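Numbering (our numbering), first residue to last: 3 to 430. The beta carbon of each residue, even a glycine, is placed where N, CA and C say it ideally should be. None of the values given here were measured: they were computed from a predicted structure.
What follows is the structure, given as structure tokens:
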């Protein structure tokens, strides 16, 4: 298989995002990487370096930021990049970091017709609807060359400019698309219109396997659209992650029931489910119980207000005979800003009795460092490894914010790039 390299012309301090990784975990650097990151850069020289490096054989994923391009990209730069990409068919992924929207669109246009580039990731704060509309058009099978993208990511943990209009354009491109298998959308302004548009498109699409939708404007209306989507018999999703802060416990209840019902179908494809809501609390515990027993292979829950009492109820009810232990997820991730040491003790009980759980990651802000370290020492390898002798993995942290920013969100956002962003959780 191809060895994946991650190279960038400008190596900056964002190691938490997995930058600069080569085949052996080392940075594949350009000559400018060792320079003072605060020193001024000649953008034209940097852009020439990008084009030169492309033609000299780097493989895998090319990362480009605003420091790597001319002050303002134009059609000639787009054509140069397109030609360079055609000469180096070992590039599989383009990762676009912060830059102005016009330049990002020219980069996106350079990808059209590059059949060997099948991952495009736009992770800057200025990614907007104009970019999304262009990408949506490129997904439609109306070009001379059929769409080749398998993974499309427009996401930034903190903010970007994409709205429901941009997502709706991407959704229109999905209806007849037969190449895209992973779609990840994180947007500060993304809400119900986006959810409705995607749900409508997936009534027709049979190719998409992974859908991640995190919209801070997503309310119960959008959650209802996704809930209804799970009733579609031909839905091909193997993974669904939904997140936001404006929907409530009652919305989660209906969604969890729909996930459970979808899982009960013969040969149901859905294996992984994630629910991310910093405002969710103890009211979603009945829903979590449904999800725990749904037979998923992986369950990820961010419930910022889940308390010790809520975790106790979850574990106590989860241990009842009606919950079959073999239906528990193989991977369970639970994060809460409110849970503490008492919750760690309860989850330890579930770990001890739920042998079907092979990996458990816990991020409880109110927990003590000592309690987290105790779990690590008790259940992981005495030789310093992160796995116990039976191959199971239990770790916990009280660094809730770090967990979200360095583990959970990058992992979810970059599902389409195996190996580069599958960060593990340390015991802190």
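query: In three-state DSSP terms, what is residue 164?
result: Within the chain shown, residue 164 is the residue found at index 162, counting from 1. Coil, per DSSP.
Residues of its chain near residue 198, where Cβ-Cβ distance is below 7 Å and the 5 sequence neighbours each way are ignored: The count along the chain shown starts at 1 and reaches residue 198 at position 196. Closer than 7 Å at the Cβ level, and outside the excluded window around residue 198, lie 224, 227.
- request: Could you give the DSSP three-state label for residue 198: helix, strand or coil?
  value: Residue mapping note: residue 198 aligns to position 196 of the chain shown, counting from 1. Helix at residue 198.
query: Helix, strand or coil for residue 485 per DSSP?
result: Since the first residue of the chain shown is 3 and the last is 430, residue 485 is not available in this structure.
- prompt: Straight-line CA distance for residue 118 to residue 57?
  reply: In the chain shown, residue 118 corresponds to position 116, counting from 1. In the chain shown, residue 57 corresponds to position 55, counting from 1. So the alpha carbons of these two residues sit roughly 15 Å apart.
task: Could you spell out the range, first to last residue, of the beta strand (DSSP E) harbouring residue 154?
output: As a position in the chain shown, residue 154 is number 152, starting the count at 1. Where residue 154 is concerned, the enclosing beta strand (DSSP E) stretches over 153-156.
Three-state secondary structure (DSSP) of residue 358: If you number the chain shown from 1, residue 358 lands on position 356. In this structure, residue 358 counts as coil in the three-state DSSP scheme.
message: Out of 321, 332, 344, which one is the CA nearest neighbour of residue 355?
response: For the purposes of this step, residue 355 is taken as residue 353 along the chain shown, with counting starting at 1. Out of 321, 332, 344, 321 has the C-alpha closest to the C-alpha of residue 355.
message: Does residue 309 come out as helix, strand or coil in the three-state DSSP assignment?
response: Counting from 1 along the chain shown, the entry for residue 309 is found at position 307. Judged by DSSP in its simplified three-state form, residue 309 adopts coil rather than helix or strand.
Per-residue DSSP class, three states only, for residue 71: Against the chain shown, residue 71 aligns to sequence position 69. Correct three-state label for residue 71: coil.
message: Here's the rule I'm using: 16 or more other beta-carbon atoms within 10 Å means buried, otherwise exposed. How should residue 374 be labelled?
response: Residue 374 sits at position 372 when you count from the first residue of the chain shown. Result: buried.
field: Environment of residue 260 [buried if 16+ CB atoms lie within 10 Å]
entry: Position 258 of the chain shown, counting from 1, holds the residue named residue 260. Its Cβ being crowded by 16 or more others within 10 Å, residue 260 is buried.
query: Would you report the Cα separation of residue 113 and residue 195, rounded to the nearest angstrom?
result: Translated into positions along the chain shown, residue 113 becomes position 111. Translated into positions along the chain shown, residue 195 becomes position 193. So the alpha carbons of these two residues sit roughly 28 Å apart.
- request: Count the C-beta pairs between the stretch 150-168 and the stretch 78-92 that are closer than 8 Å, then say yes if the count reaches three, no if not.
  value: no
message: So, at 7 Å on beta carbons, what are the nonlocal neighbours of residue 210 in its own chain, with the 5 sequence-adjacent residues on each side left out?
response: As a first step, residue 210 is located in the chain shown; it is residue number 208 there, counting from the start. The answer, listed in chain order, is 176, 182, 183, 185, 204, 238, 239.
task: Return the CA-CA distance between residue 317 and residue 347, expressed in angstroms with no decimal places.
output: Residue mapping note: residue 317 aligns to position 315 of the chain shown, counting from 1. Residue mapping note: residue 347 aligns to position 345 of the chain shown, counting from 1. Spanning the two alpha carbons is a distance of roughly 10 Å.
message: Between 249, 104, 270, 174, which has its C-alpha nearest residue 286's C-alpha?
response: Taking the first residue of the chain shown as position 1, residue 286 is located at position 284. Considering only alpha carbons, the answer is 249.
message: With a threshold of 6 Å on Cβ separation, who are the neighbours of residue 411 within its own chain once the five nearest residues in sequence on each side are excluded?
response: What you label residue 411 is simply residue 409 of the chain shown in a count that begins at 1. Result list for residue 411: 159, in chain order.
query: Which two residues bound the contiguous alpha helix (DSSP H) that contains residue 295?
result: The residue given as residue 295 occupies position 293 in the chain shown. If you look at residue 295, you'll find it isn't in any alpha helix (DSSP H); DSSP assigns it neither H nor E.
task: Locate the beta strand (DSSP E) running through residue 216, then write down its first and last residues.
output: Reading the chain shown from its first residue, position 214 is the one you call residue 216. It spans 212-219 - the beta strand (DSSP E) in which residue 216 sits, taken as one unbroken run.
message: Between which two residues does the alpha helix (DSSP H) holding residue 374 run?
response: Position 372 of the chain shown, counted from the start, is the residue given in the question as residue 374. Note, residue 374: alpha helix (DSSP H), 371-381.
query: Do the stretch 336-346 and the stretch 294-314 make contact, defined as three or more Cβ pairs closer than 8 Å?
result: Segments in contact, yes.
query: Does the Cβ-Cβ distance between residue 125 and residue 86 come in under 8 Å?
result: By one-based count along the chain shown, residue 125 stands at place 123. By one-based count along the chain shown, residue 86 stands at place 84. Contact flag unset, no.
task: Mark residue 39 as exposed unless 16 or more other C-beta atoms lie within 10 angstroms of its C-beta, in which case mark it buried.
output: Residue 39 sits at position 37 when you count from the first residue of the chain shown. Caution is warranted here: a pLDDT of 36 is assigned to residue 39, below 50, making its placement in the model unreliable, and the coordinate value is therefore given only provisionally. Counting Cβ neighbours within 10 Å, residue 39 comes out exposed, since fewer than 16 surround it.
query: In the structure shown, what three-state DSSP assignment does residue 302 receive?
result: Counted from its first residue, the chain shown places residue 302 at position 300. The answer is strand: DSSP assigns residue 302 an E or B state.
Pairwise C-alpha distance: residue 170 and residue 293: As a first step, residue 293 must be located in the chain shown, where it is residue number 291. As a first step, residue 170 must be located in the chain shown, where it is residue number 168. Rounded to whole angstroms, residue 293 to residue 170 spans 29 Å at the Cα level.
- prompt: Going straight from the alpha carbon of residue 415 to that of residue 304, what length do you get?
  reply: Mapped onto the chain shown, residue 415 falls at position 413. Mapped onto the chain shown, residue 304 falls at position 302. The alpha-carbon of residue 415 is positioned some 15 Å away from that of residue 304.
message: Would residue 130 and residue 76 be called neighbours here (beta carbons separated by less than 8 Å)?
response: Stepping through the chain shown from its first residue, residue 130 is reached at position 128. Stepping through the chain shown from its first residue, residue 76 is reached at position 74. Cβ atoms of residue 130 and residue 76: not closer than 8 Å.
- request: Compute the Euclidean distance between the alpha carbons of residue 166 and residue 141, then round it to the nearest angstrom.
  value: Indexing the chain shown from 1 puts residue 166 at position 164. Indexing the chain shown from 1 puts residue 141 at position 139. The straight-line gap from Cα to Cα measures roughly 17 Å.
message: For residue 277, tell me which candidate among 215, 172, 400, 74 has the shortest Cα-Cα distance.
response: Locating residue 277 in the chain shown gives position 275, counting from the first residue. The closest CA to that of residue 277, considering only 215, 172, 400, 74, is found on 215.
query: Near residue 343, which residues of its chain fall below 7 Å by C-beta distance, leaving aside the five closest residues on each side in sequence?
result: On the chain shown, position 341 is the one that residue 343 refers to. So the list reads 369, 370, 373, once near-sequence residues are dropped.
- prompt: Which whole-angstrom value describes the C-beta separation of residue 220 and residue 192, a residue pair presumed to lie in contact below a C-beta threshold of 8 Å?
  reply: In the chain shown, counting from the first residue as 1, residue 220 sits at position 218. In the chain shown, counting from the first residue as 1, residue 192 sits at position 190. Between residue 220 and residue 192, the beta carbon gap of about 7 Å places them in contact (Cβ cut-off 8 Å).
task: Can you grab the Cα-Cα spacing for the pair residue 71 / residue 407, in whole Å?
output: For this step, residue 71 is matched to residue 69 along the chain shown. For this step, residue 407 is matched to residue 405 along the chain shown. Rounded to whole angstroms, the separation of the alpha carbons of residue 407 and residue 71 is 27 Å.
- prompt: Going by Cα to Cα distance, which pick from 272, 208, 269, 315 is closest to residue 289?
  reply: Here residue 289 refers to the residue found at position 287 of the chain shown. When only C-alpha atoms are compared, the closest one is 315.
message: Between which residues of its own chain and residue 116 is the CB-CB distance below 6 Å, once the five residues before and five after are set aside?
response: On the chain shown, residue 116 is found 114 positions in, with the first residue counted as 1. Taken in chain order, the residues that qualify are 87.
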